[in-house]
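So the number in this note's numbering is just where the residue sits in the sequence shown, counting from 1, plus 235. Beta carbons are placed, not taken as given, at the ideal position from N, Cα and C, and that holds for glycine. This report concerns only the one structure given below.
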Amino acid sequence: MWARFTFEDLRIIVHYLGMLLIGSAAIMLPSVVTAILFQEWNPLTRYITSIGACTAIGSLLCFVQISPEKLSRQQAVAVTGFAWLVLSVAASFTLYYSGHYIQYTDALFDAFSAYTTTGASLITDLDHLSNADNMMRFMMHFCGGLGIIVIALSLGIFGRGTSAALFTGEGRSEHVIPNIVTATRFILRITILVVSITTVILFLIMMADGLAPTRAILHAFWMAITSYVTGGFAPMSDSIMYYNSIAIEVVCMFAMLIGTISYSLIYWIFKGRPMMFFDDIEIKTGLIWIVVMTGIFTASALQSSYISNLPALVHRGTFTIISAFTTTGLTVISQNQLKTVLSSGAFVTLALIMAVGGSAGSTAGGIKFDRVGIIVKSIVLTVKQSVSPSTAKVTSEYYHVGRKQLEPTVVKNAMTIFILFVITYTLGTLAGITHGYDASLSMFEAIALTSNGGVTCGIAVSGMQVGLELIYILLMWAGRLEFIALLSLLAQIIASFRPNSHRITRDTKKTSVLDYLANDETPKL
Numbered sequence: 236m237w238a239r240f241t242f243e244d245l246r247i248i249v250h251y252l253g254m255l256l257i258g259s260a261a262i263m264l265p266s267v268v269t270a271i272l273f274q275e276w277n278p279l280t281r282y283i284t285s286i287g288a289c290t291a292i293g294s295l296l297c298f299v300q301i302s303p304e305k306l307s308r309q310q311a312v313a314v315t316g317f318a319w320l321v322l323s324v325a326a327s328f329t330l331y332y333s334g335h336y337i338q339y340t341d342a343l344f345d346a347f348s349a350y351t352t353t354g355a356s357l358i359t360d361l362d363h364l365s366n367a368d369n370m371m372r373f374m375m376h377f378c379g380g381l382g383i384i385v386i387a388l389s390l391g392i393f394g395r396g397t398s399a400a401l402f403t404g405e406g407r408s409e410h411v412i413p414n415i416v417t418a419t420r421f422i423l424r425i426t427i428l429v430v431s432i433t434t435v436i437l438f439l440i441m442m443a444d445g446l447a448p449t450r451a452i453l454h455a456f457w458m459a460i461t462s463y464v465t466g467g468f469a470p471m472s473d474s475i476m477y478y479n480s481i482a483i484e485v486v487c488m489f490a491m492l493i494g495t496i497s498y499s500l501i502y503w504i505f506k507g508r509p510m511m512f513f514d515d516i517e518i519k520t521g522l523i524w525i526v527v528m529t530g531i532f533t534a535s536a537l538q539s540s541y542i543s544n545l546p547a548l549v550h551r552g553t554f555t556i557i558s559a560f561t562t563t564g565l566t567v568i569s570q571n572q573l574k575t576v577l578s579s580g581a582f583v584t585l586a587l588i589m590a591v592g593g594s595a596g597s598t599a600g601g602i603k604f605d606r607v608g609i610i611v612k613s614i615v616l617t618v619k620q621s622v623s624p625s626t627a628k629v630t631s632e633y634y635h636v637g638r639k640q641l642e643p644t645v646v647k648n649a650m651t652i653f654i655l656f657v658i659t660y661t662l663g664t665l666a667g668i669t670h671g672y673d674a675s676l677s678m679f680e681a682i683a684l685t686s687n688g689g690v691t692c693g694i695a696v697s698g699m700q701v702g703l704e705l706i707y708i709l710l711m712w713a714g715r716l717e718f719i720a721l722l723s724l725l726a727q728i729i730a731s732f733r734p735n736s737h738r739i740t741r742d743t744k745k746t747s748v749l750d751y752l753a754n755d756e757t758p759k760l
């Protein structure tokens with residue numbers, strides 16, 4: 236039986252969405268400061284107006300339920316699912332009125348891309364975008380990479396005794412530390428530490444390369460954020476190629492690699508147990524996967540005249556592979572070169588690398604290494620069981636933050652997410668094909684957006700067909716939350732508007748949404 240939303244549920248959900256909307260106003264404050272420092276008065280007006288609107292609307296939503304109860308699991312899933320929509324819509328209007336978007340849905344696409352750390356962008360004339368607007372783009376990356384709910388939890392917005400569904404519903408399949416609030420604060424501290432160190436290093440390199448101090452500090456900060464949170468936005472239209480610096484690329488690659496490591500493993504490394512890192516199933520699976528796919532990519536890429544020599548292969552090939560498997564999206568080859576210069580084998584290999592992604596519990600997207608490793612172990616276990624005597628008890632173990640038995644529930648969960656990703660990749664591909672695009676390009680774009688990879692091949696462009704654009708927004712949203720939160724939310728919404736027969740609410744004293752409508756009653760909010 237499906238749980239149904241009651242009006243009491245809706246009041247609690249709306250209250251917390253209002254809290255998050257007020258929090259989104261805080262995300263705009265760095266843009267206000269930037270606009271003042273650089274005397275960008277038009278952006279300053281927009282951001283002050285947006286902050287006022289978000290604060291006012293958020294406050295009104297909070298008053299819908301003055302003293303909300305502790306979030307139930309179902310309410311937590313709803314808050315998690317809607318949070319990304321509400322905050323993206325709030326940011327999209329500010330971006331749209333910058334004058335750098337052909338249509339509103341392009342700005343909405345960019346807002347979703349920023350928060351989900353996809354990194355694909357439909358902005359026009361990026362090179363002349365104001366510093367304030369650029370700051371907003373990267374602050375959304377920062378908050379989205381950490382997780383909107385993670386930041387809210389670390390600030391105590393949801394109060395004590397927070398539902399674990401808030402944490403897991405945001406695409407985090409594991410807890411770093413048993414205490415959720417402590418875990419979220421650890422994630423926040425590590426992110427600030429890595430971004431700060433990366434910013435300092437990039438700033439020194441950019442200064443040595445001749446950038447002006449103010450420009451160097453801004454670009455260093457933005458590139459540090461986009462690299463560590465595996466985002467993909469860049470302050471210039473040429474992406475990281477703008478700097479023409481191997482040193483900057485190397486620093487960003489290291490930040491990307493750190494960003495794709497599970498926070499659970501980072502926590503135990505800080506606790507003085509580094510061997511847990513090398514024994515972990517994610518690390519072993521990831522190393523094997525990257526070695527194999529790098530070999531295939533290299534063999535295919537060597538067929539291209541563009542990277543047929545060793546220096547070019549090491550430079551462009553290495554960066555492209557790391558950017559793809561960390562699902563960052565920074566590029567050292569243009570979209571046109573991606574489509575026309577790379578061999579078809581290298582092109583498909585790059586898509587497969589993005590499809591799998593990085594580690595669970597990290598800033599990376601995709602299916603994740605732990606699920607692939609668990610599925611492979613399950614296949615091996617099934618083969619062993621089929622050739623073993625019927626009286627033999629055959630088991631399998633894996634190491635992930637401790638030694639664990641391969642339980643059927645673990646395999647089921649891994650297979651569920653794996654299948655949902657594959658189905659979504661397929662549906663996204665079909666959507667591109669039905670809109671008139673080549674099958675291989677449609678597949679690449681669907682994988683890049685669903686995995687939040689961001690290395691796009693040019694289907695997602697400014698002024699694109701609105702129908703396909705909305706589908707791509709849904710792919711980014713679903714992929715970031717790893718489907719379950721959105722599917723659960725959809726199921727509860729449908730159940731709430733179905734007749735009461737053969738369905739129950741979580742509390743029989745509460746009345747469902749449909750019952751109010753059927754009785755022609757107006758609920759008191």
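Asked	Found
Hey, which unbroken runs of the alpha helix (DSSP H) at 4 residues or more fall wholly within the region 619–697?	643–669, 674–685
From residue 718 to residue 351, what does the alpha carbon distance come to, in whole angstroms?	13 Å
Excluding sequence positions up to five away, which residues of its chain have a Cβ less than 7 Å from the Cβ of residue 487?	458, 462, 475, 565
May I ask which residues mark the beginning and end of the alpha helix (DSSP H) holding residue 243?	242–262
How would you call residue 671, buried or exposed, if buried means at least 16 neighbouring beta carbons within 10 angstroms?	exposed
Between which two residues does the alpha helix (DSSP H) containing residue 517 stretch?	516–536
Secondary structure at residue 737, three-state DSSP: helix, strand or coil?	With a pLDDT of 48 at residue 737, under the threshold of 50, the modelled position of that residue is not reliable, and no figure is offered here.
Can you confirm whether residue 338, when its beta carbon is compared against all beta carbons of chain D, has any partner nearer than 7 Å?	Among the protein chains of the structure shown there is no chain D, as only one such chain exists.
Any chance the region 672–689 sits against the region 590–600, with 3 or more Cβ pairs inside 8 Å?	yes
Between the C-alpha atoms of residue 275 and residue 367, what's the straight-line distance to the nearest angstrom?	7 Å
Is residue 599 helix, strand or coil by DSSP?	coil
Around the Cβ of residue 363, are there at least 16 other Cβ atoms within 10 angstroms (buried) or fewer (exposed)?	exposed
Please report the straight-line C-alpha distance between residue 634 and residue 498, rounded to a whole angstrom.	16 Å
Rounded to whole angstroms, what's the CA-CA distance from residue 328 to residue 646? Just pull it up for me.	42 Å
Closest to residue 526 by C-alpha separation, out of 588, 516, 515, 489, would be which residue?	588
Does the beta-carbon of residue 704 have 16 or more other beta-carbons within 10 angstroms, so that it is buried, or is it exposed?	buried
Would DSSP call residue 424 helix, strand or coil?	helix
Going by alpha carbons, who is nearest to residue 426 out of 664, 378, 388, 452?	378
In whole angstroms, what separates the C-alpha of residue 242 from that of residue 604?	40 Å
Hey, could you find the ends of the alpha helix (DSSP H) residue 447 is sitting in?	No alpha helix (DSSP H) holds residue 447; DSSP gives it neither H nor E.
Going straight from the alpha carbon of residue 445 to that of residue 568, what length do you get?	23 Å
For the region 343–361 against the region 249–267, are there 3 or more C-beta pairs whose distance is under 8 Å?	no
Taking just the CA atoms, how far does residue 706 sit from residue 321?	17 Å
Check residue 506 in the structure and name its three-state DSSP category.	coil
Count Cβ pairs between the region 657–674 and the region 298–310 that sit closer than 8 Å; are there 3 or more?	no
With 16 as the cutoff for other CB atoms within 10 Å, does residue 640 come out buried or exposed?	exposed
I need the boundaries of the alpha helix (DSSP H) containing residue 700, first residue and last residue.	Per DSSP, residue 700 belongs to no alpha helix (DSSP H) and is neither H nor E.
Given this structure, state the Cα-to-Cα distance separating residue 736 from residue 354, to the nearest angstrom.	Summary for residue 736: the model assigns pLDDT 45, below 50, so the residue's position carries little reliability; its value from the coordinates is reported in the next sentence. If you take the alpha carbons of residue 736 and residue 354, they lie about 46 Å apart.
Using DSSP with H/G/I as helix, E/B as strand and the rest coil, what is residue 372?	helix
Applying the criterion that 16 or more other CB atoms from any shown protein chain within 10 Å of the CB defines a buried residue, is residue 510 buried or exposed?	exposed
Quick check: the Cα distance between residue 264 and residue 282, rounded to an integer number of angstroms?	8 Å
Cα-Cα, which of 278, 271, 326 is closest to residue 259?	326
List the endpoints of the continuous alpha helix (DSSP H) containing residue 305.	Premise fails: residue 305 is in no alpha helix (DSSP H) and is neither H nor E.
How about residue 581 and residue 535: are their beta carbons less than 7 Å apart?	yes
Please determine, among 454, 388, 720, 365, the residue with the shortest C-alpha to C-alpha distance to residue 440.	454
Can you give me the start and stop residues for the alpha helix (DSSP H) that residue 238 sits inside?	Counting along the chain, residue 238 falls outside any alpha helix (DSSP H), and DSSP gives it neither H nor E.
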